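S.K.: Mind looking over this structure? Questions follow.
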Amino acid sequence: MIAPRVSASTSRLPLAARVGAVAWPSFFAAGVATMVFFAVVDPDRLATITWPTLNVSRGVGYTLGFFMFWVCTLASSLFTSLLLKPRGDVPVDDENA
Amino acid sequence: MNERIPLQLVDGDEGTLYARQPKVYPREIKGRFQRLRNAAVLWLLGMFYVFPWLNWDGRQMVLFDLPHRKFYILGLTFWPQDFFFMAWLLIMAGLSLFFFTALAGRLWCGYACPQTVWTEAFLWIERKIEGDRNQRMRLDKAPWGAKKFARKGLKQLAWIAFALWTGFTFVGFFTPIRELAGEVAHFDLGGWEMFWIAFYGFATYGNAGFLREQVCKYMCPYARFQGAMFDRDTLIISYDEPRGEDRGHRKRGTPSVLDWADKDGERPALGDCIDCQACVQVCPTGIDIRNGLQVGCIACAACIDACDAIMDKMAYPRGLIRYTTEHAMEGKPSRVLRVRTLIYATVLLLLAGAFAWSIGHRSMLLAEVLRDRNALWRAGPAGSVENSYTLKLVNKSDQPMTLTLSLDGDTPLVLVGRQRLDIAGGEVASVPVTLRAPAGSVHGRQRVTLQLNSTDPNASQPVADVTTAFFAPSDSP
Ligand code: SF4
Ligand code: SF4
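Chains as they are written, first to last, in numbering that gives the first Met the number 0: chain A, 0 to 96; chain B, 0 to 476.
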């Protein structure tokens, strides 16, 4: 049986802090991306060149756009947090230095 | 080779992996900084909840009308093409944060950050329903019974109602709030509106009701990089350690150490801190300021008020905890005017000036010319060559515009058709334009500039020009 060793030494942060560290920066980045993107692109026109048969109003367009960005940034933040997890086989040299 | 690899999830176990955070029960206090903070909270929340209901020229005063892609701010109208101004404004906001931080530390955190402001509001509700600090702690410890259930339930109800109202107001900045209110009243809210009301409401509820100081401690980027803006002349909240230590309880009427300063003889063993913990109990982030400046301190000055009240009771001079600077604490003078603040202030002023100027001078007309795609050129009457275009004009103002269209410079080309254009306020117009070259006058590609002039000679009306290309066969017959 393979049991990955994950050391807990640097992950002693409250749950809220860990969730927040992934959710909040990604939310912020998605917000900025949405603003810049929709300042240039009108969701109405975007709808006509993508799925013209669906009736997507601007409000829905912005909302979908925002969540699309958020899913991307959230995935990236999650990925980063996974990679930053301390590993049992790599010694963590003096964290407090 | 199709064996399954058994994997174990190691961090589901809260007890061992996550440090439990003790719940903070901030005690309420009175004092000058608390009054200032209350004023700030009222002012900011007032702006948030009232602004969308105010009208200006018969239109919502502040409306980021996303469904129509137009922003209205105090009589000014912004189009998506004006996004640049928004970005500029955000840069200015960021720079002001730098400036005020260098000057007075985390003023933003203690008085203006939405996290602080809404937490105060949620705390106020909590206090009204569950009572003061001791009552709240007792209630939390008490076993679940009818009374606890009623109190907690009532608080949740009040919180949720307030959060939903907040969400509603938030959406009211992006879609006309009066219409939105009508939709709510008739239960026919659009999907995305309903969603964002719930989303923003939930975020407010979670952040201000539950996460509170954890947001400041763990999620706020500003708290992490504030150090870069601080220097030894920045206002900070600090405990006067030489004066306060050694801390300890004492009999009433013991004089302050400050009274010994000019006397000969030994300093009393006890400093002025009576170790009453008042400063710790009022702290919304649950830290002890006596341990020195900490990242967790949002500079709300609650501990100053608390300690001042104790000092008054002991008949000691106030200011054991106070606003000060590192230089002042070392007995050196503090300077407000210094390279850092001067640079921030100058850049800020320049940006603000340029912003105001360009808002005042921004063109109210947006013009763009598109060539017709079907053919490069076509034959016109009497051997002439014609090209056709579509002129897209956006009147960004609220007034109708009358423009005349002409050709710029020396060119054999002539404009065919309408040359006087009327565009209503806020209209996006598509005007077909045809240019004609008399027989044999133009060969190949030629640049042309279309000019739009105002008919009103003394108005500062916009004049726009757009450049495009005119094509004619290269070898004329
Ligand atoms: S230490 Fe004082 S100023 Fe800092 S957050 Fe706590 S009460 Fe506010
Ligand atoms: S409130 Fe003042 S006297 Fe009381 S513990 Fe804090 S620093 Fe000491």
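We put the beta carbon where it would ideally sit given N, CA and C, even for glycine. Since we're looking at a predicted model, the values are computed, not measured.
Please report the residue range of the beta strand (DSSP E) in which Glu385 (chain B) lies.
M.R.: Here residue 385 (chain B) corresponds to residue number 386 of the second sequence, with the count starting at 1. First-last of the beta strand (DSSP E) with Glu385 (chain B): Val384 to Asn394.
S.K.: Between which two residues does the beta strand (DSSP E) containing Ile28 (chain B) stretch?
M.R.: Position 29 of the second sequence, counting from 1, holds the residue named residue 28 (chain B). Unbroken run through Ile28 (chain B): none, as it is neither H nor E.
S.K.: Can you tell which of B:Ala86, B:Asp304, B:Leu179 and B:Arg132 has the C-alpha that lies nearest to the C-alpha of Phe502 (chain B)?
M.R.: A question about residue 502 (chain B) goes unanswered here, because the residues of chain B that appear run from 0 up to 476.
S.K.: Does at least one heavy atom of ligand 1 sit under 7 Å from the Cβ of Pro283 (chain B)?
M.R.: If you number the second sequence from 1, residue 283 (chain B) lands on position 284. Yes.
S.K.: Between which two residues does the beta strand (DSSP E) carrying Pro399 (chain B) extend?
M.R.: Numbered from its first residue, the second sequence carries residue 399 (chain B) at position 400. From DSSP, Pro399 (chain B) is part of no beta strand (DSSP E); its letter is neither H nor E.
S.K.: Using a Cβ-Cβ cut-off of 8 Å, state whether Thr79 (chain A) counts as contacting chain B.
M.R.: Looking up residue 79 (chain A) in the first sequence gives position 80. Taking Cβ atoms only, chain B never reaches closer than 8 Å to Thr79 (chain A), which makes this a no.
S.K.: Taking the beta carbon of Lys84 (chain A) as the centre, do at least 16 other beta carbons fall within 10 Å, making it buried, or is it exposed?
M.R.: To locate residue 84 (chain A), count along the first sequence from 1; it is residue 85. Exposed.
S.K.: Have a look at B:Val294, B:Thr467 and B:Ile422 and flag the residue whose alpha-carbon is nearest the alpha-carbon of Gly104 (chain B).
M.R.: Counted from its first residue, the second sequence places residue 104 (chain B) at position 105. Ranking the options by Cα distance to Gly104 (chain B), first place goes to B:Val294.
S.K.: Under a Cβ-count criterion, where at least 16 other Cβ atoms within 10 Å of its own Cβ denotes burial, should Glu119 (chain B) be classed as buried or exposed?
M.R.: If you number the second sequence from 1, residue 119 (chain B) lands on position 120. Per the 10 Å Cβ criterion, buried.
S.K.: Compute the minimum distance between the beta carbon of Ala298 (chain B) and the heavy atoms of ligand 1, and state whether it is under 7 Å.
M.R.: In the second sequence, counting from the first residue as 1, residue 298 (chain B) sits at position 299. Flag set: Cβ of Ala298 (chain B) near ligand 1.
S.K.: What residues from chain A crowd round Trp480 (chain B), counting only those whose CB sits closer than 7 Å?
M.R.: What the structure shows of chain B is the stretch from 0 to 476, and residue 480 (chain B) is not part of that stretch, so it cannot be assessed.
S.K.: Please name the residue, chosen from B:Arg419, B:Val432, B:Thr448 and B:Asn394, that lies closest to Asp407 (chain B) on a Cα-to-Cα basis.
M.R.: Within the second sequence, the letter at position 408 stands for residue 407 (chain B). Checking every option, the nearest Cα to that of Asp407 (chain B) belongs to B:Thr448.
S.K.: Name, please, each residue of chain A whose Cβ falls closer than 7 Å to the Cβ of Leu365 (chain B).
M.R.: To locate residue 365 (chain B), count along the second sequence from 1; it is residue 366. Those do not exist, as Leu365 (chain B) stays about 14 Å from chain A at its closest Cβ, beyond 7 Å.
S.K.: Would you call the segment 268-279 of chain B and the segment 240-260 of chain B touching, i.e. three or more CB-CB distances under 8 Å?
M.R.: Verdict: yes, contact present.
S.K.: In whole angstroms, give me the CA-to-CA distance for Thr79 (chain A) and Ala92 (chain B).
M.R.: Translated into positions along the first sequence, residue 79 (chain A) becomes position 80. Translated into positions along the second sequence, residue 92 (chain B) becomes position 93. If you take the alpha carbons of Thr79 (chain A) and Ala92 (chain B), they lie about 30 Å apart.
S.K.: Going straight from the alpha carbon of Trp191 (chain B) to that of Ala344 (chain B), what length do you get?
M.R.: Along the second sequence, one-based indexing puts residue 191 (chain B) at 192. Along the second sequence, one-based indexing puts residue 344 (chain B) at 345. Cα to Cα, Trp191 (chain B) sits roughly 41 Å from Ala344 (chain B).
S.K.: With a threshold of 8 Å, are at least 3 pairs of Cβ atoms found where one atom belongs to the segment 351-360 of chain B and the other to the segment 315-323 of chain B?
M.R.: At 8 Å Cβ cutoff, the stretches do not touch.
S.K.: Given Glu72 (chain B), which residues of its chain have a CB within under 6 Å of its CB, disregarding the five upstream and five downstream residues?
M.R.: Along the second sequence, read from residue 1 onward, the residue named residue 72 (chain B) stands at position 73. Just to set this straight, residue 72 (chain B) is Ile in the shown sequence, not Glu. Same-chain partners within the cutoff: Val61.
S.K.: With a floor of 4 residues, list each alpha helix (DSSP H) that falls wholly inside the segment 259-291 of chain B, ordered by position along the chain.
M.R.: Within the segment 259-291 of chain B, the complete alpha helix (DSSP H) runs of at least 4 residues are 277-281.
S.K.: List the DSSP bridge partners of Gly443 (chain B).
M.R.: Here residue 443 (chain B) corresponds to residue number 444 of the second sequence, with the count starting at 1. The partner list for Gly443 (chain B) (beta bridge, DSSP) reads B:Ala471.
S.K.: With a threshold of 16 other CB atoms inside 10 Å of the CB of Lys29 (chain B), please say whether the residue is buried or exposed.
M.R.: Along the second sequence, one-based indexing puts residue 29 (chain B) at 30. Per the 10 Å Cβ criterion, exposed.
S.K.: Rounding to the nearest angstrom, what Cα-Cα distance links Gly443 (chain B) and Ala366 (chain B) in this structure?
M.R.: Start at 1 with the first residue of the second sequence, and residue 443 (chain B) comes out as number 444. Start at 1 with the first residue of the second sequence, and residue 366 (chain B) comes out as number 367. Approximately 26 Å between the Cα atoms of the pair.
S.K.: What's the gap between the Cα of Phe167 (chain B) and the Cα of Ile196 (chain B)?
M.R.: In the second sequence, the residue the question calls residue 167 (chain B) occupies position 168. In the second sequence, the residue the question calls residue 196 (chain B) occupies position 197. The alpha-carbon atoms of Phe167 (chain B) and Ile196 (chain B) are separated by roughly 5 Å.
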